[in-house]
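Undergrad:
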Amino acid sequence: MSEAEKKRFLEGVEEKKVVKEHHLPPLERAEKGVVMRFAPNPNGPPTLGSARGIIVNSEYVRMYGGKFILRFDDTDPRTKRPMIEAYDWYLEDCEWLDAKPDEVVYASKRISMYYDYLMKLLEMGKAYPCFCSQAEFKKYRDSGQECPHRNTAVEDSLEIWEKMLEGVYQEGEVAVRIKTDMRHKDPAIRDWVAFRIIYASHPVVGDAYHVYPTLDFESAIEDHVLGITHILRGKDLMDSERRQRYIYQYFGWEYPITKLWGKVSIFEFGKLSTSQLRKEVEAGRYRGWDDVRLPTIKAFRRRGFRPEAIRKFFLSLGVSENDVSVSLKNLYAENRKLVDSEANRYFFVADPVKIVIEDLEEVREVKIPLKPGSDVFRTLKGEQEVYITSSDWNRFEKGEIFRLKEFCNVEVVGEGRIGKVRFVSWEMGEVKKGKNIIHWVPVSEAIKCMVEGVDRDCEGYAERNAVSDIGKVVQFERFAFCRIEEMDTVLKCIYTHP
RNA sequence: GCUCCGGUGGUGUAGCCCGGCCAAUCAUUCCGGCCUUUCGAGCCGGCGACCCGGGUUCAAAUCCCGGCCGGAGCACCA
């Protein structure tokens, strides 16, 4: 190998390492640091989808240095009404995901600032109050014509605006539009609404306002005021940029660098909107917001996932503009890598069958490593009556020999719900490795155990040693990784992943 | 209908801007084998992709045109 080849070989190896660490693609003009934001509407709890925004934005800030801002875009107290509890949930989940925001902004608390900027636009003649109904305006938009209100004189505009704030008008009677270009080739851009009247109490600011900005206006102003340098937003908000650029142009501001990404759908959860989720949870179809079956961060926390696994999972998805549909199996794989070496092993027998060992020579104390290769042991009583899972029991034929792991070998002599087996020997010898070695729980030491699962819940018996790992993720051998939640009358566990 | 954006193995992803070193990267899934007194994991091996058609070029995953498929916006929602 020549020197040059060696060098290239080495460089090649390094490049591969970079990919493995899930580095994000570089950002344009980010050398001096970045200011980025994640801007949810807290109308429900953070979900896996939110996690992507939190993680990728914060990761870029980590890469380049700068500031990560959490901004609540909560400017619609009716259609997308915020949930007061959700504000704190976002804060908690950001921290848990190792993305504590440097600054937290509530749009609803800054509404008067948006008024100030709007007033300037009205004075410049770049915005106007419009009395068209939605349907009427649609006609103008579709045909590319200007509506009659577009040419309202500045003084009149300001006067109408004042009256709006005073509460003279009804909801839907008047709205303020930003002038763009009624002949813009994309109808979605034509004179969009910046403020509308909503007489509904807001969870944060109550009845302080009834003239609310739309997302496009609020976001445009905030991104400038906060000094946002780079925006990551969903493809669905692509037109927002085109709309908002008009405001930047009017004020002579520089628009942040934007990057679009496609939407993620998680194979196992399908398409679930926050509003949809909220309806179902409030209808009582789930145990709560942290139900294992839900794609909320709360649920993943409760299941015992490591934040680092979730970070890696989303970082590996990158920031492409394609819509992606990805399986949770990838997340499981990431989490398993972190949890596998630390989780203690225990026996949990789901759907139990009691078996009686005839001719058992003696009751023995059985020692089993807490985890593979460990020299710390747990002990189980090797006694005559034990539970095994029915799926194991059912596959054995009469006369077949199997091994109760680390205990003894037995031979099947009977059939049915209470199984009869006969003691054969202590040592492994006669049992083939693998398949016929099964887990078990001694009847006298069994504790009732419930595992709240994704597809179904499982009931059975766990060895009592598991009680010492409350709060931790353990592996129930030949079952799954689970987090032990609490012990009351039964041991309550949550399914983590296979 | 109008406007816009995408399309690389089963699933994600790199490469595309600046064409050749791409008989295409990495991860995950799946299938074999080894190892292991569980299952993952680990190790070894395997299957498997540039949407289609033209064009430009000595050379196209990469550039251009057309088509097809998918997604989004056209809300006084975010």
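Count along the first sequence starting at 1, add 505, and that's the number in the numbering used here.
Note that the Cβ used here is the ideal one computed from N, Cα and C, for glycine as well.
In this text, all values refer to a predicted model and were calculated from it rather than measured experimentally.
Going by beta carbon distance, what residues of the same chain come within less than 6 Å of T801, once the five residues before and after it are set aside?
TA: Numbered from 1 along the first sequence, position 296 holds the residue referred to as residue 801. Excluding sequence neighbours, T801 sits near P550, T552 and W794.
Undergrad: Give, in chain order, every unbroken run of the beta strand (DSSP E) that is at least 3 residues long and sits entirely within the region 719-764.
TA: As far as the region 719-764 is concerned, its whole beta strand (DSSP E) runs of at least 3 residues are 735-739.
Undergrad: Select from I975, Y714, Y1000 and Q980 the residue whose C-alpha is nearest the C-alpha of E991.
TA: Your numbering for residue 991 matches position 486 in the first sequence. Considering only alpha carbons, the answer is I975.
Undergrad: To which residues does DSSP link P634 through a beta bridge?
TA: Working through the first sequence from its first residue, we reach residue 634 at position 129. Note: P634 sits in a beta bridge opposite V681.
Undergrad: How long is the line joining the alpha carbons of E564 and T719, rounded to whole angstroms?
TA: Mapped onto the first sequence, residue 564 falls at position 59. Mapped onto the first sequence, residue 719 falls at position 214. Roughly 29 Å between the two C-alpha positions.
Undergrad: Tell me, to the nearest whole angstrom, how far the beta carbon of L865 is from that of F928; I am working on the premise that it is less than 8 Å.
TA: Here residue 865 refers to the residue found at position 360 when the first sequence is read from its first residue. Here residue 928 refers to the residue found at position 423 when the first sequence is read from its first residue. Going by Cβ atoms, the distance from L865 to F928 rounds to 5 Å, so yes, they are a contact pair.
Undergrad: Do L670 and V716 have their C-beta atoms closer together than 7 Å?
TA: Here residue 670 corresponds to residue number 165 of the first sequence, with the count starting at 1. Here residue 716 corresponds to residue number 211 of the first sequence, with the count starting at 1. Against a cut-off of 7 Å, the Cβ pair of V716 and L670 comes out as a contact.
Undergrad: Could you tell me the boundaries of the beta strand (DSSP E) in which N914 lies?
TA: Counting from one through the first sequence, the residue named residue 914 turns up at place 409. C913 to V917 is the extent of the beta strand (DSSP E) around N914.
Undergrad: Does the region 606-624 touch the region 635-655, meaning 3 or more C-beta pairs lie closer than 8 Å?
TA: Too few Cβ pairs lie closer than 8 Å, so no.
Undergrad: If you follow the alpha helix (DSSP H) that Y619 is in, where does it begin and where does it stop?
TA: If you number the first sequence from 1, residue 619 lands on position 114. Looking at the DSSP string, the run of the alpha helix (DSSP H) that includes Y619 is I616 to M629.
Undergrad: When DSSP labels each residue in this structure, what does A693 get in the three-state scheme?
TA: As a working mapping, residue 693 is identified with position 188 in the first sequence. It is helical.
Undergrad: Could you compute how far the alpha carbon of E773 sits from the alpha carbon of R798?
TA: Here the question's residue 773 lines up with position 268 in the first sequence. Here the question's residue 798 lines up with position 293 in the first sequence. Spanning the two alpha carbons is a distance of roughly 10 Å.
Undergrad: Closest by CA to L836, which one among D856, S825, F805 and Y851?
TA: Within the first sequence, residue 836 is the residue found at index 331, counting from 1. Looking at the Cα atoms, F805 is the closest of the given residues.
Undergrad: Can you tell me whether G570 is buried or exposed? The criterion is at least 16 other CB atoms within 10 Å of its CB, across all chains shown.
TA: Sequence index remark: in the first sequence, residue 570 carries index 65 (1-based). By the 10 Å Cβ count, G570 comes out exposed.
Undergrad: Could you tell me which residues DSSP puts in a beta bridge with L575?
TA: Within the first sequence, numbered from 1, the residue matching residue 575 stands at position 70. Answer is F543 and V609.
Undergrad: Under 7 Å between the Cβ atoms of K1055 and K644?
TA: In the structure as shown, the chain starts at 506 and stops at 1003, and residue 1055 therefore has no counterpart that could be examined.
Undergrad: Just grab the DSSP bridge partners of Y851 for me.
TA: In the first sequence, residue 851 corresponds to position 346, counting from 1. Looking at the DSSP assignment, Y851 forms a beta bridge with F981.
Undergrad: If we ignore side chains and look at the alpha-carbon of each, how far apart do P761 and E678 end up?
TA: In the first sequence, the residue the question calls residue 761 occupies position 256. In the first sequence, the residue the question calls residue 678 occupies position 173. Using only the alpha carbons, I get a separation of about 34 Å.
Undergrad: Look at the Cβ atom of R811, then the Cβ atom of N840, and state whether they are nearer than 7 Å.
TA: Sequence index remark: in the first sequence, residue 811 carries index 306 (1-based). Sequence index remark: in the first sequence, residue 840 carries index 335 (1-based). It is a contact, given that the beta carbons lie within the stated cut-off.
Undergrad: Buried or exposed: V844, going by 16 or more other Cβ atoms within 10 Å of its Cβ?
TA: Position 339 of the first sequence, counting from 1, holds the residue named residue 844. V844 comes out buried.
Undergrad: Verify whether the separation of the beta carbon atoms of L575 and P606 is less than 7 Å.
TA: The count along the first sequence starts at 1 and reaches residue 575 at position 70. The count along the first sequence starts at 1 and reaches residue 606 at position 101. Yes.
Undergrad: Quick check: the region 850-861 against the region 814-828, are there 3 or more CB pairs under 8 Å?
TA: Output reads no: the region 814-828 does not touch the region 850-861.
Undergrad: Where does the unbroken beta strand (DSSP E) through A814 begin, and where does it stop?
TA: Within the first sequence, numbered from 1, the residue matching residue 814 stands at position 309. First-last for A814: P812 to L822, but that is the alpha helix (DSSP H), not the beta strand (DSSP E).
Undergrad: Alpha carbon to alpha carbon, how far is D578 from L626?
TA: One-based indexing of the first sequence puts residue 578 at position 73. One-based indexing of the first sequence puts residue 626 at position 121. The straight-line gap from Cα to Cα measures roughly 21 Å.
Undergrad: Please name the residue, chosen from E664, E676, D712 and I616, that lies closest to S638 on a Cα-to-Cα basis.
TA: Stepping through the first sequence from its first residue, residue 638 is reached at position 133. Among E664, E676, D712 and I616, the Cα nearest to that of S638 is on E676.
Undergrad: By how many angstroms is the C-alpha of R988 removed from the C-alpha of E932?
TA: As a first step, residue 932 is located in the first sequence; it is residue number 427 there, counting from the start. As a first step, residue 988 is located in the first sequence; it is residue number 483 there, counting from the start. One C-alpha to the other measures close to 33 Å.
Undergrad: Using 10 angstroms around the beta-carbon of S780, count the other beta-carbons present and answer buried if the total reaches 16, otherwise exposed.
TA: Looking up residue 780 in the first sequence gives position 275. Answer is exposed; the Cβ neighbour count stays below 16.
Undergrad: Measure how close the beta-carbons of V956 and Y1000 come, nearest whole angstrom, since I'm counting them as under 8 Å.
TA: The count along the first sequence starts at 1 and reaches residue 956 at position 451. The count along the first sequence starts at 1 and reaches residue 1000 at position 495. V956 to Y1000, Cβ: 6 Å. Contact.
Undergrad: What number of angstroms, rounded off, separates the C-alpha of R534 from the C-alpha of V786?
TA: Here residue 534 is taken as the residue at index 29 of the first sequence, counted from 1. Here residue 786 is taken as the residue at index 281 of the first sequence, counted from 1. In a straight line, the C-alpha of R534 is about 43 Å away from that of V786.
Undergrad: To the nearest angstrom, how far is the alpha carbon of I906 from that of E813?
TA: What you label residue 906 is simply residue 401 of the first sequence in a count that begins at 1. What you label residue 813 is simply residue 308 of the first sequence in a count that begins at 1. C-alpha separation (whole angstroms): 44 Å.
Undergrad: Measuring alpha carbon to alpha carbon, tell me which of N970, I733 and A640 ends up nearest C954.
TA: One-based indexing of the first sequence puts residue 954 at position 449. Looking at the Cα atoms, N970 is the closest of the given residues.
Undergrad: Can you name, in chain order, every residue of its own chain whose Cβ lies under 6 Å from the Cβ of T734, other than the five neighbours on each side?
TA: In the first sequence, residue 734 corresponds to position 229, counting from 1. Only V539, V540 and P761 meet the Cβ criterion.
Undergrad: Figure out for me which residue from E867, D796, Q980 and I952 has the closest Cα to the Cα of L875.
TA: For the purposes of this step, residue 875 is taken as the residue at position 370 of the first sequence. For the residues E867, D796, Q980 and I952, the minimum Cα distance to L875 belongs to Q980.
Undergrad: Specify the secondary structure class of K788 as computed by DSSP and reduced to three states.
TA: The residue you call residue 788 lines up with position 283 of the first sequence. It should be noted that the sequence gives Ala, not Lys, for residue 788. Note: A788 maps to coil in three-state DSSP.
Undergrad: List the residues that DSSP assigns as beta-bridge partners of T801.
TA: Position 296 of the first sequence holds residue 801. Answer is T552, bridged to T801.
Undergrad: Are the CB atoms of R908 and N899 within a distance shorter than 7 Å?
TA: Sequence index remark: in the first sequence, residue 899 carries index 394 (1-based). Sequence index remark: in the first sequence, residue 908 carries index 403 (1-based). Cβ distance not < 7 Å, so N899 and R908 don't count as in contact.
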